Amino acid sequence: MDNFLQSIQSLNYTVAAVALPLLAALINFFLPVKSKVAGWVSTVAILLSCVLSARVFTIIWNNPQVHAQQVWFTIGSTKVYAGLLLNNLSVLMLLLVSLIALPVHIYSTAYMKHDGRYSRYFTYLSFFCFSMLALVVVDSLVLFYAFWELVGFSSYLLIGFWFTKEKAVQANKKAFIMNRIGDIGLLSAIIILFAQYHTFDIAQIFTGNGLIAQSVIKNGLWIAPTGQIPALWQYVACGGIFLAVAAKSAQFPLHTWLPDAMEGPTSVSALIHAATMVAAGVFLLGRVYPMFTQTELTILACIGCFTAFMAATIALTQNDLKRILAYSTISQLGFMILAMGVGAYDSSLFHLATHAFFKCLLFLVAGIVIHQMQHVKKDNKLNIDPQDISLMGGLRKKLPLTFIAAVIAGLALVGLPFTSGYLSKDGILIQAFEWSEGKSDWFKIIPVLALLTSWLTAFYVARLIVKVFFGEFRLLKSKPDIKLHLTDGGWLYKLPLILLAACCLFPLFSFNPFSYNHAWLFSGLKPANFLMHESSYHTIIPVLVNVLSVVVLYAAYVIYGKPDGFSFSQTGFFYRLSYNQWYFDALYKRFIVKPLVRFGSTCFWIDRRIIDGLLHLVAHISGYIARASALTDRYVVDGFLHLMAAIVQSIGNFVRRFQSGKVQYYLFSMLVIVLVLFILKILI
Amino acid sequence: MITLTDFMVVSAMLFCIGLYMIVSKHNAIQILIGIELILNAAILNLVAFGKYDKVNNSGQIFALFAIVLAAATTAVALAIVLNVYRRYKTIDPDKLTNLKD
């Protein structure tokens, strides 16, 4: 009974938590564009959402899942249900999204203060929160798809928030189109799943002993309790899901939109393009995890690993502050996908949670730094890029709190002990090594590459922090006469930083800072049949990773910390490969965009010349035919009629002369006729 | 000796004169006179052919009826002429062309 009440309560709380940001978005939509109330409306809504989510989290976590649904609509005899599915995964995401969104909202009220479309910004932000919160709790694939689209749409709105900037417009179009490719994948996967299982219910299909668990692939057929279709469709469905994941979580073939998405406001990048929306892909993987076969998981691991490595190498040489963070995000998402692929479902989601905090924090720090650089730019009327780290340096003394926050977040990203990143990242690495155990040597490449990536991570994080916060202010060196007024900003900036920095440390996740196995979050996500491997990896990996990471950090400090220190050659092949982001954009432009544009213009030409020409020809011909028939009509048909009319008229005119109305004339003619008759009678 | 033929000739002449008057005159009264002449030609014929019925004299009797009827018709016709005159201020049939199309 108590349990029942609690589940009802949790459902009500969830609905409220999801609906509040929507309400805020609606209120803000009707507020004046510059209204400062908007920020508080949204912040209060997300605060309440956060509290409610926390309550739901405490009820559901490590308890049986709560699933409620009702008939949404009926087509023929198929009933489509809509409802909520609350289990460990969804309540974790619910709490995570609202928890990350809260500091970002507070930060935004200050960060966007001088923007001309302040209330629009908060409308979009609240709308995004609504979509994301709804995405994680719905139980129907159709609803999931709808919110998936809404999340993509609100991301589009926010990337292009400063739509007067040409680059922002390009970036949001790119993000939208890239996401569209993923959406097609998701939609086809949903259609195939429905064709196979005749239901959209996530709980029924995926959880525990659901329909997926009862179906097998045998003899080229995908056999389920509800029917069987060729196994090919299973691969297509998984491919579709993968495409969706790759688009939302910026994985290898579809990752290029994320660095460009940094054109949006930094607070948006922090919330959407670092912590929550990009995690939607990983969340989707978590929802449909039982669907993947062993081979498909291996492919997933390869792609995740490759993405992680590639993005990390790109981050090494970028100079745009936000771009480095964007590539670091792609790299970390690659880690999560890799973890999913090697079967470390729990570690993956654990890393998702920890990553959200420290990446969000890093972006907020970047926001403050960029904001201050913009002030410098405006005060001194300089023509500089405020995001270029090669101009910064020595900001440690000017922005002490920001510096501390950045160091904590950076260390968490590197994965040093006492931070949350250590717990989750080492979990992934250890499980990757365990996975490759007993497989052929080729599989060793994946964990080794992951290991390498984590050292690369250490290097680029160190480079970033050293270049921004240590040494001397390089801009000052080239232009010594500029004035500087740099501050950490008011408490609206400081509070989110402190809040998130606290979340980046180990106590939130585990009381034992050295073992991920003791993290409560980790054990809550563990599958029931989880086996504790006691292997030597548990001690070797963390030691190896951390010792080398510290060495790398120190090396980077030495290289970048001194003004006249050693610097890398900027001409080598690898430098150019990394600096140009592995030429992916150029390749896509060359091999996809250009041929498509050419194809488009060819189609346009064909349409213009051939199809339109044909139509015009037909139009001309029918014009001539029409003219000819008009002539025939006028002269032949009408002519005949006119002739008849003329004859009748002349007869009439002739006859009417007899009808003069004169009685005597009638009599006279009668007389004449009678006489004529008589004469004729006589003659004949 | 006056033969039947003479009566017929006179009658025919009367008829022709009446017809001519009807057709040619521009005065309704004169046309009425023409009609009377034609009637009288017919009555003359009745009386002349009456010699073949000396028992009943039906020709003469019929002539009497015809005379009476002719007087009645004329009276009616004159009344019409009078009304026409009142209405149109003319009795020239050529000018009464209201029946024209």
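Protein chains in written order, with the numbering used here: chain V, 310 to 993; chain H, 3 to 103. Note that beta-carbon positions come from the ideal geometry of N, C-alpha and C, so glycine has one too. No experiment lies behind these values; they were computed from the predicted model shown.
Residue-level contact check: H/Val57 does not touch chain V, since none of the beta carbons of chain V fall below 8 Å from its beta carbon.
Contact annotation: V/Leu405 and V/Ile369 have beta-carbon atoms that are not nearer than 8 Å. Taking 8 Å as the CB threshold, H/Val25 lines the interface with chain V. In the same chain as H/Leu98, and ignoring 5 residues on each side of it, the C-beta atoms closer than 8 Å to its own belong to Val86, Tyr90, Thr92, in chain order. One alpha carbon belongs to V/Lys990, the other to V/Ile982, and they sit about 12 Å apart.
Nearest in C-alpha terms to V/Thr711, of all of V/Leu444, V/Cys669, V/Ile677, is V/Ile677. For V/Ser969, at least one C-beta of chain H is nearer than 8 Å to its own C-beta. Excluding the 5 residues flanking it on each side, V/Ala811 has same chain C-beta neighbours closer than 8 Å at Leu817, in chain order. In the displayed model, V/Ser524 falls within coil according to three-state DSSP, outside both helix and strand. Neighbourhood of H/Leu21 in chain V, by CB distance below 9 Å: Leu976, Leu980, in chain order.
Selection V/Ala354, V/His414, V/Thr848 evaluated against V/Leu806 yields V/His414 as nearest (Cα-Cα). Listed along chain H is no residue with a C-beta nearer than 8 Å to that of V/Gln958; the closest approach is about 14 Å. With fewer than 16 other beta carbons inside 10 angstroms of its own, V/Arg965 counts as exposed.
The shortest CA-to-CA distance from V/Gln973 to any of H/Ala30, H/Val57, H/Lys56, H/Ile69 is the one to H/Ala30.
The bridge partners DSSP lists for V/Asp688 come to none. When secondary structure is reduced to three states using DSSP, V/Ser656 falls in the helix class.
Approximately 11 Å separates the beta-carbon atoms of V/Val854 and V/Leu761; this is outside 8 Å, ruling out the contact. Taken atom to atom, the span from the alpha-carbon of V/Pro599 to that of V/Met701 is near 48 Å.
Taking all protein chains in view, the Cβ of V/Met649 is crowded by 16 or more other Cβ atoms within 10 Å, so the residue is classified as buried.
The region 340–350 of chain V makes contact with the region 424–433 of chain V: 3 or more CB pairs, one atom from each, lie closer than 8 Å.
Interface criterion not met: the Cβ of H/Thr92 is under 8 Å from no Cβ in chain V. Remark: C-beta atoms of V/Ala620 and V/Leu671 do not approach each other more closely than 8 Å. Considering only V/Asp492, V/Ala662, V/Leu331, V/Leu704, the residue with the shortest C-alpha distance to V/Trp829 is V/Ala662.
Against chain H, the CB of V/Val927 has no partner CB under 8 Å away; the residue lies outside that interface. According to the DSSP assignment, V/Tyr390 belongs to the beta strand (DSSP E) that extends over 387–395. Here DSSP, grouped into helix, strand and coil, assigns V/Val597 to coil. For the region 32–54 of chain H, the beta-carbon criterion of a distance under 8 Å to any beta-carbon of chain V is satisfied by Ile33. At a cut-off of 8 Å between beta-carbon atoms, H/Thr76 makes no contact with chain V.
Note on V/Thr638: 16 or more other CB atoms within 10 angstroms of its CB, so buried under the neighbour-count rule. Look at the beta carbons and you see the region 538–548 of chain V touching the region 493–502 of chain V: at least three pairs across the two are nearer than 8 Å. In the structure shown, V/Val651 falls within a coil segment according to DSSP collapsed to helix, strand and coil. A straight-line Cα-Cα distance of about 20 Å links H/Asn100 and H/Leu80. When 9 Å is used as the limit between beta carbons, H/Asn100 is near these residues of chain V: Gly970, in chain order.
Looking at the backbone, the Cα of V/Ala477 and that of V/Trp531 are separated by about 45 Å. Unbroken alpha helix (DSSP H) stretches of 4 residues or longer found wholly inside the region 699–777 of chain V: 704–707, 709–723, 729–745, given in chain order. Contact between V/Ala480 and V/Ile468 is confirmed by a C-beta separation of about 5 Å, below the 8 Å threshold.
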